[in-house]
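A.B. asks: No gaps in the numbering here: position 282 of the sequence shown is 271 in the working numbering, and each next residue is one more.
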Amino acid sequence: MSRPDLTPPTPVNLYDVFKLHRRAMQRTFSFVMLLTVTLTFLAPRKYTSEAKLFVRLGRESVAMDPTATATTDPVVMVHESREYEINSVLELLKSRTVLAGVVQGLGSEVVLGTQSDPDTTTHTAGLLADIDPFTPYSVDDLALRHLNENLDMAVVKKSNIISLAYEAASPELAQQVLQNLLTHAHHAHVRVNRTDGSHDFFVTQAAQLHEKVVDLESELRDKKTEWGIASLEDQRALLLGRISNLKTSLMQTEATLQAATAEAEAHKRILETIPSQIKAAEVSHMPNSAVSSMREQLFTAQVREKEILSRFTEAHPQAIAVAQQIAALEEVIQQEPLTPQVALEPNENHQEISLALFKGTSSAASLEAHAKAVREQIHVAQKELAEFNHKETEFSRLERALEIETANYKRYAVSVEQARIDRELMTSNISNLNVLQEPTYSVTPTSPRRKMNLAIGLIVAVASSAGIGLLLEQRRTGFLFHLASPAEPSGSELAPPKLQRSGETA
-10 MSRPDLTPPT
0 PVNLYDVFKL
10 HRRAMQRTFS
20 FVMLLTVTLT
30 FLAPRKYTSE
40 AKLFVRLGRE
50 SVAMDPTATA
60 TTDPVVMVHE
70 SREYEINSVL
80 ELLKSRTVLA
90 GVVQGLGSEV
100 VLGTQSDPDT
110 TTHTAGLLAD
120 IDPFTPYSVD
130 DLALRHLNEN
140 LDMAVVKKSN
150 IISLAYEAAS
160 PELAQQVLQN
170 LLTHAHHAHV
180 RVNRTDGSHD
190 FFVTQAAQLH
200 EKVVDLESEL
210 RDKKTEWGIA
220 SLEDQRALLL
230 GRISNLKTSL
240 MQTEATLQAA
250 TAEAEAHKRI
260 LETIPSQIKA
270 AEVSHMPNSA
280 VSSMREQLFT
290 AQVREKEILS
300 RFTEAHPQAI
310 AVAQQIAALE
320 EVIQQEPLTP
330 QVALEPNENH
340 QEISLALFKG
350 TSSAASLEAH
360 AKAVREQIHV
370 AQKELAEFNH
380 KETEFSRLER
390 ALEIETANYK
400 RYAVSVEQAR
410 IDRELMTSNI
420 SNLNVLQEPT
430 YSVTPTSPRR
440 KMNLAIGLIV
450 AVASSAGIGL
460 LLEQRRTGFL
470 FHLASPAEPS
480 GSELAPPKLQ
490 RSGETA
C-alpha cells in the first residue's frame, strides 16, 4: 500500500473566513477583551517603594580586624575589586537573617497583608501539617517567602550603588518593609564587620604587657645605676679609648726609658775617664801649715817661759818643763822640710756629666715607675673591659626583651584603639553603608499595568478570534492539507474548494 502524498496548502481568503465565522470570532474577541478588562480593573493593586544603597570605601574595606592586626600590618592593600565587597553586601541583604529580622520586627501578618487571628492561623497550620507531614508549615516561613518574592535587588553597573525595590499591597507597607530591611541590613553589616569581646581582650593584654615593660625598665635602670653605665656604646668607646691611650703612653714611656738608660750608661763611661778635680795653682817655699802651727806653739811656749822665769828660777819645775817643750818644738821645726803648696779646683766637665748622669738616673727611675703604673692601669682597664663584656651581655638581654615587649605593647595599644573605635562604631551603628535614597512613598500603583494589560489583551483577543476562525474553517473544509488519492498523479493541482457559511453542508 503506497503512502499518500501531501499537497501544498491551498490559499485562504481571511475575509471570506471572517464572513463565514464572524459570530464565533466576535464572541471570542469580546470574551477575551472582557476577561482582560475584568482582570485588569479587579486585580488587587500593588505599590512599589524604591531605595538606593551606596557602599563607600570605609574601614571595612581597607582595615583588618584587630584580632588579625595584632600580628600583621594593621592596614592592607585592597587587591580585590570592589565588586567582591558589593556582592557581599548584596548577599547580606538577601540573607535569611536580615529577612527574618524584618518579619519579626513587622510581624508575619503585616508582611503578608493579613491580620488573621493567631489561633485560627495555628489551627490552619496544624491542619496543613496533618495533611502533609513531610512539609512543615509556618506562617513565618510563608512571610519570608512572600518577602523574598516581592523584593527586588540589583547592583547598578559600574557603580557602588545597590538598587532595592519592594512591592506590597499599600504604599505604606512597601515603604515600611523596605525601611526595616535597610535598618536590619545596616545592623547586620555592622555586626559582621566587628569582633565581639576584642576590646576587653586587648585591654587585658595591653595592661599585662605594660606591666612587663615597666618591670624591665626598672630592672634596666637599676643595673645602669649599679654599674654606672649610661650607654653601652659610649661606655665601650671610653674603655677602648682608655686602653688605647694607655698602650700608647706605655710605648712612649718605654722608648724614653730606653733612651734615658742608654744616656746614663754613656755618662758613666765618660765619668770613669774624667778626673773630678784639676790643678788650679802651685806655690813653692810656702811654709807648711803644720810647721806654722808648731811655730805658734813655740812662740806661746817662749812667752810662757819668760813669765815663769820672771817669777821663778830656771830650776823650777815649771821652768824646766817649758824649756823642754821649747827645745822639742825647735827640734821638730828644724827637721820639717819646706814643700810646695798645690791649689786644686773641681772639674766643671766632671760636674756637668755627673749632674747629667744624676738627672738621667732619676729620669730612668721615674720612667720605670711610670711604665709600671701604666702596665697596672692597662691590666685594670682590660679587667674592666672583660667585666663590661659580661655586663653588656646582660644589658643586651634586658634591652632586647624591653624592645620586644615595648613593640608588643605598642601593637596591642594600637589594637586596643582599633577595638575601641570598632566598638564605638558598633555602638553608634556606623558603617560604610550609606542610604543614597530613602525608601520612596508613591500612591501610584505599579501593578496591574492597565495600558500594557489592555494592549496585550487586545493582541490576544485578535489572535484568539483569528485562530478560532481558522480552526472552524479547517474543521469544515480541511483546507490546510489536502490528501491526494493513489490513483491521482503526483503533483496534480487541485481546485480550491468553494467556501460556504458556517453550518452549511458542502
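Just so it is clear, CB atoms sit at the ideal spot from N, CA and C, and this is done for glycine as well.
As a quick exercise: from R284, R71, L101 and L318, pick the residue whose alpha carbon is nearest that of F43.
C.D. replies: The residue with the shortest Cα to Cα distance from F43 is R71.
A.B. asks: What distance in whole Å lies between the Cβ atoms of I151 and V78, which are believed to be in contact at a cut-off of 8 Å?
C.D. replies: At roughly 6 Å, the Cβ-Cβ gap stays under 8 Å, so V78 and I151 are in contact.
A.B. asks: Quick check: the segment 26 to 36 against the segment 402 to 410, are at least 3 beta-carbon pairs closer than 8 Å?
C.D. replies: Verdict: no, contact absent.
A.B. asks: For L9, which three-state DSSP category applies?
C.D. replies: If DSSP states are grouped into helix, strand and coil, L9 belongs with the helices.
A.B. asks: How is the beta strand (DSSP E) around K41 delimited, first residue to last?
C.D. replies: Counting along the chain, the beta strand (DSSP E) containing K41 begins and ends at Y36 to V44.
A.B. asks: So S207 is in the alpha helix (DSSP H); what residue range does that whole segment cover?
C.D. replies: S187 to W216 is the extent of the alpha helix (DSSP H) around S207.
A.B. asks: According to the neighbour-count rule (16 or more other Cβ atoms, all chains shown, within 10 Å of its Cβ), is K8 buried or exposed?
C.D. replies: Answer is exposed; the Cβ neighbour count stays below 16.
A.B. asks: Between T518 and E161, is the Cβ-Cβ spacing less than 7 Å?
C.D. replies: Residue 518 lies beyond the residue range present for the chain, which begins at -10 and ends at 495; the question has no answer from this structure.
A.B. asks: Report yes if the CB atom of L95 is closer than 7 Å to the CB atom of N169, and no otherwise.
C.D. replies: Their beta carbons are under 7 Å apart, which means L95 touches N169 by this criterion.
A.B. asks: Look at the alpha carbon of F384 and the alpha carbon of Q194, and state the distance between them as a whole number of angstroms.
C.D. replies: Cα-Cα distance, rounded: 26 Å.
A.B. asks: Straight-line CA distance for K201 to L221?
C.D. replies: Approximately 22 Å, taken between the alpha carbons.
A.B. asks: What residue from L171, V128 and L82 has the CA that sits closest to T103's CA?
C.D. replies: For T103, the nearest C-alpha among the options comes from V128.
A.B. asks: Output needed for I322: all residues of its chain with C-beta closer than 7 Å, excluding positions within five of it in sequence on either side, in chain order.
C.D. replies: So the list reads V280, M283, R284 and L287, once near-sequence residues are dropped.
A.B. asks: Check this for me: beta carbons of H175 and L422, under 7 Å apart or not?
C.D. replies: Against a cut-off of 7 Å, the Cβ pair of L422 and H175 comes out as a contact.
A.B. asks: For Y430, which three-state DSSP category applies?
C.D. replies: Three-state result, Y430: coil.
A.B. asks: My output table needs one value for P335: the three-state DSSP class, helix, strand or coil.
C.D. replies: Correct three-state label for P335: strand.
A.B. asks: Candidates R45, I309 and I267: which alpha carbon is nearest E74's?
C.D. replies: If we check each option's Cα against that of E74, R45 comes out closest.
A.B. asks: Rounded to a whole number of angstroms, what is the C-alpha to C-alpha distance between Q165 and A402?
C.D. replies: Between Q165 and A402, the C-alpha separation is close to 43 Å.
A.B. asks: Answer yes or no: do E39 and A154 have a C-beta to C-beta separation smaller than 7 Å?
C.D. replies: Result yes, Cβ atoms of E39 and A154 sit closer than 7 Å.
A.B. asks: Please state whether DSSP places D108 in a helix, a strand or coil.
C.D. replies: Confidence in D108 is poor, its pLDDT being 44 and thus under 50, which makes the residue's placement too unreliable to answer from.
A.B. asks: Looking at the structure shown, is S299 part of a helix, part of a strand, or coil, going by DSSP?
C.D. replies: Note: S299 maps to helix in three-state DSSP.
A.B. asks: With a threshold of 16 other CB atoms inside 10 Å of the CB of P428, please say whether the residue is buried or exposed.
C.D. replies: Label assigned to P428: buried.
A.B. asks: Between which two residues does the beta strand (DSSP E) containing S152 stretch?
C.D. replies: Here the beta strand (DSSP E) through S152 covers I150 to A157.
A.B. asks: Which term fits L205, buried or exposed, when burial requires 16 or more other beta carbons within 10 angstroms of its beta carbon?
C.D. replies: So L205 counts as buried.
A.B. asks: With a 10 Å radius around its C-beta and 16 neighbouring C-beta atoms as the bar for buried, classify V145 as buried or exposed.
C.D. replies: That one is exposed.
A.B. asks: Select from L140, N338, L443 and V87 the residue whose C-alpha is nearest the C-alpha of V179.
C.D. replies: Taking only the C-alpha atoms, the option nearest V179 is V87.
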